[in-house]
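So the structure is just underneath, and the comments pick up after that.
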Amino acid sequence: MSGEYVMICVAWPYANGPLHLGHVAGCYLPPDIQARFERALGNRVLMVSGSDEHGTPITVTAEQNGIKPQEVVDEFHAINSQALLDLGCSWEPNVDSRGIEYGGSLFNRTSDPRHKSMVQDNFLKLLDAGLFETKTMEQYFEIHEGGGGRFLPDRYVEGTCPSCSEDGARGDQCDACGATYEATELKNPVSKMNPSAPIEIRNTDHLFYRLDAFQTVLEQHAESQQGHWKSNVRAMTKQWLDMGLRPRAVTRDLSWGIPLPMEGNEWDGKCVYVWFEAVQGYSTCARIWADEYAGPNGHSNGADAWKNWWCISEDGTKPRHLYFLGKDNIPFHTVIWPALIMGLNHAENGKTIDDPVELPGPGDYSLETNVPAMEYLMLSGGQFSKSRKHAVWLPSFLERFDPDTLRYYLGINMPENHDTDFNWPDFVEKINSELIAAYGNFVHRVLTLGARLPSSNTGPFADFDERERTKDTQKKLETLHTSITESLSRHRYKEALRFAMNAAQVGNQLLQAATPWKYLSEADDGSNPHYGAERIGALTDLSFGWRIARFLAITMQPFLPFSSAKLWSSLGQSGDVSHIPWNSAVDWDVPMTWNDAKPEPLFKRLDLEEILASEQSLADTSDVSEQPGHPVKGGKKKKKKPKEDTEMTEAPEGTTYLNFETFMEVDLRVGEILSVEEHPNADRLFVVSIDDGSEDGRTICAGLKEYYSADEMVGKSVVFVANLKPRALRGVSSEGMMLAADDGEGNVRLVTVDGSISTGSQVR
RNA sequence: AACGAGGUGGGGUAGUCUGGAUAUCCCGUCGGGCUCAUAACCCGGAGAUCGAUGGUUCAAAUCCAUCUCUCGUUACCA
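Here it is as structure tokens:
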């Protein structure tokens, strides 16, 4: 298997914000572990990814901040690529340190002009092969002064619902009554971003990729992958294929993206749809890498070097393609991207839409070998969320912590089969009682014990290098080595790391049984006639500890590159541990070396209290504790008291006084709760009937289910807002709002009236 | 509510697709040992009717049905 071409494709992070730990666990750490492992095996690895820099959300961020989209993506591309390097992800050097023939890596970006022109070329190839069809759609158009304007995506349009006549309905769905409709049915539509601009429906032509033409061949492909795809990948792909594939739009009315390479006014202002463009980054990035690095560095195939990693060879050998991504991205990589790859093969083989599509053959671009997609990493039981500021950001994490601690924690807790949880108590415990107590401590024992032995030129251990005595331990390590290798080959990272940790345990057991320390502190007092032999035995075991430590340095390297390098040098080994062949870990004939420098612990213990006190800014766990009814396994460790929101603390300074008249516009009245019903169509709502002094009474929908039972509420005299504009909530009209106190920590109590007073009385 | 994913000792987790004998491993806990090592290490124990019920089978954590709870997305939270 040595020398195999392995293409590692990493999902392209969206350059609209910094990466957080969820991203790292889901798609950035696993491919790096894999790449490091494959290199150690001697394979030729090309790893590609980069910033996904186009699309409307980036335009919106730019507009909000009054800057250009390019400035937004420049900023986050810089931040994210640096953060990944700081995490030890091997995006540099770009040329494999074993030599250019072994590949390299490139973290590129979709705003690269070379990417743009390659995407446009591919676009034209598919177009010429008849793999696109044109459809005319009706879409809203925002007219600007001076004649220009722009098309608006549905979610940037709002207006009056055609079904219930409520205002504030969204482009294709009404929040009030739940109706869905064509955006063009919306009444009084306005642009959300620019409400004053006139808006009209215009026809717009778009191109659609004929995904349907690939249905059969994709089913074949999926069938052939059943054996090694993970269950989440199988399920997700099956769902798509079972629904039946339909043509999918590849163009958009979009200002920030790759323009269509087509003549004619009707195509002005249109861009390639992001999904179509960004996935092609996997191949364009390989070609750009070859242009920029393989050619100039003398690769035997020059600028065509990328074909080694992308094309099936004449004898039918396929390069191994591994795609690393989160679960939300699965269909793009098992359905859409393969369909595009096969479409390009089809077009380049001179075929058209009229010819049947076939699976790739010699000379064609290869399809994915495996898609080890991850589930999600949660944060203290809740999902990472940029908008709710519920996240631990990678850059700020790395400012405070050793990257290897994160790599260990996420490695041992990787969301391989289901969602897992990040929380500080668990993080601290795993680092202190596993990484440090087992691995760090074992290594430190060996090194400090060694440092106390008399050292010759060859170090303290070489004289006690007697292989026969440690045969059993060697066997155990060899078994572990096989297990680690197998697990990594099957993308079972948690398991692999666990096996590696077992090696440290074996080491600790060996030391415990050998008790070499006895022969350091106690001199031979003559009472034990076997003292000499026992001493040699114990020190022989101890010296084998050096070999175990070396085994650990090599096998931990894919997971924990920084500490492995440190350990490597502490052992007196020369060179870079990441260049050491994988199997050298169980080569018991390597001459023992030594480093005379005082041994230093590999990791520093973490203190939970200290972290919790200072990490509020990194993870505001209070967000979650405020959401009763959302407990999650493993997510309910004790949390710090919720901190005041920054915005809240600043509020007093920014207080503006309210005019009395303005206050009096709010008509507050007393009402008595007559009955409380379950809302027929909403989980969290009560439908409350109130005697407001009028004959008919009124109905109010209230989200109090979490705080009150229906019985508790009936009969209470409450204060409500009487002149709030009525609004339908999930189909039931709500005529006002009851006042309730909310302490922000999950307690909500209704405002009631002291003593009795007639319903309908005004409150002021 | 719709769709998707799950429920395995105190916490986490493997095994489930492809049924098989005492249900894996890590942490915690209890008892003992060690004292070189970062409150670290080693040995041993306790602790699970594998969410519930029913079914298929010689045999069910595993397959089927129903139920239940949870998580996610969307809805909603006046």
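Counting along the first sequence from 1, when you hit position 762 you're at 1134 in my numbering, and nothing is skipped either side. Even glycine gets a Cβ: it sits at the ideal position worked out from N, Cα and C.
Reference residue i; option with closest CA among the options
i, options, result
"ALA969", "TRP889, HIS693, GLY822, LEU914", "GLY822"
"VAL962", "LEU401, ARG839, VAL764, ALA885", "ARG839"
"GLU510", "ASP468, ALA450, GLU572", "GLU572"
"PHE794", "GLY753, VAL622, GLU464, ASP700", "GLY753"
"THR857", "ARG772, ALA677, VAL958, PRO633", "VAL958"
"LEU980", "LEU1046, GLU730, SER805", "SER805"
"VAL1090", "SER1081, MET1110, LEU401", "MET1110"
"ARG574", "MET1085, ASN669, GLY1043, THR508", "THR508"
"GLN492", "VAL382, GLN598, PRO973, THR623", "THR623"
"ASN1095", "GLY1127, LEU1040, GLY722", "LEU1040"
"ASN669", "LEU393, GLY476, GLY460", "GLY476"
"THR842", "GLY812, ALA885, VAL800", "ALA885"
"LEU1143", "ASN880, LEU911, SER1128", "Residue 1143 is absent from the structure shown; the chain starts at 373 and stops at 1136."
"GLY947", "LEU457, VAL396, SER469", "SER469"
"VAL815", "GLY1087, MET746, LEU974, VAL432", "LEU974"
"VAL378", "TRP682, ASN900, LEU558", "TRP682"
"LEU579", "LYS642, ASP404, GLN597", "LYS642"
Helix, strand or coil at residue i according to DSSP, with G and I counted as helix
i, result
"VAL815", "helix"
"ALA501", "coil"
"ALA1112", "strand"
"GLY521", "strand"
"GLY398", "helix"
"ASN1095", "coil"
"GLN587", "helix"
"HIS1051", "coil"
"GLN511", "strand"
"VAL529", "strand"
"ASP979", "coil"
"GLN929", "coil"
"TRP384", "coil"
"LEU391", "coil"
"GLN881", "helix"
"LYS938", "helix"
"GLU1044", "strand"
"THR912", "helix"
"LYS1088", "coil"
"TYR903", "helix"
"THR777", "helix"
"ASP404", "helix"
"LEU1122", "strand"
Residue j beta carbon less than 8 Å from that of residue i
i, j, result
"TYR581", "PRO619", "yes"
"ALA407", "SER462", "yes"
"ALA455", "PRO767", "yes"
"VAL1120", "LEU1076", "yes"
"ILE920", "SER956", "no"
"ILE660", "ASN480", "yes"
"PRO732", "GLU686", "no"
"ASN874", "LEU860", "no"
"SER827", "TRP966", "yes"
"PHE931", "TYR780", "yes"
"ARG416", "THR656", "no"
"TYR748", "ASP791", "yes"
"GLU1044", "THR1124", "no"
Identity of the residues DSSP links to residue i by a beta bridge
i, result
"HIS487", "Answer by DSSP bridge pairing: none, since HIS487 is not bridged."
"THR506", "LEU579"
"MET379", "LEU418, HIS693"
"ASN804", "In DSSP, ASN804 forms no bridge with anything."
"PRO631", "CYS643"
"ASN480", "GLY422"
"GLY475", "VAL417"
"PHE794", "LEU751"
"ASP1064", "DSSP, once it has assigned bridges, lists no residue as partnering ASP1064."
beta-carbon residue i near the ligand FAD non-hydrogen atom, thresh 7 Å
i, result
"VAL949", "This structure lacks the ligand FAD; in fact it carries no ligand of any kind."
Which full runs of the beta strand (DSSP E) of 3+ residues lie inside the segment 636-715, going along the chain?
-> 642-644, 692-696
Runs of alpha helix (DSSP H) lying entirely within the segment 821-877, each at least 4 residues, in chain order = Those alpha helix (DSSP H) runs which fall completely within the segment 821-877 and span 4+ residues are 843-861.
Only counting runs of 3 or more residues, tell me where the beta strand (DSSP E) segments fall wholly within the segment 741-775, in order along the chain.
-> 749-751
Length at least 4, wholly inside the segment 562-622: the alpha helix (DSSP H) runs in chain order = 587-597, 603-615
Can you list, in chain order, the stretches of the alpha helix (DSSP H) that have 4 or more residues and sit fully within the segment 425-450?
-> 428-437
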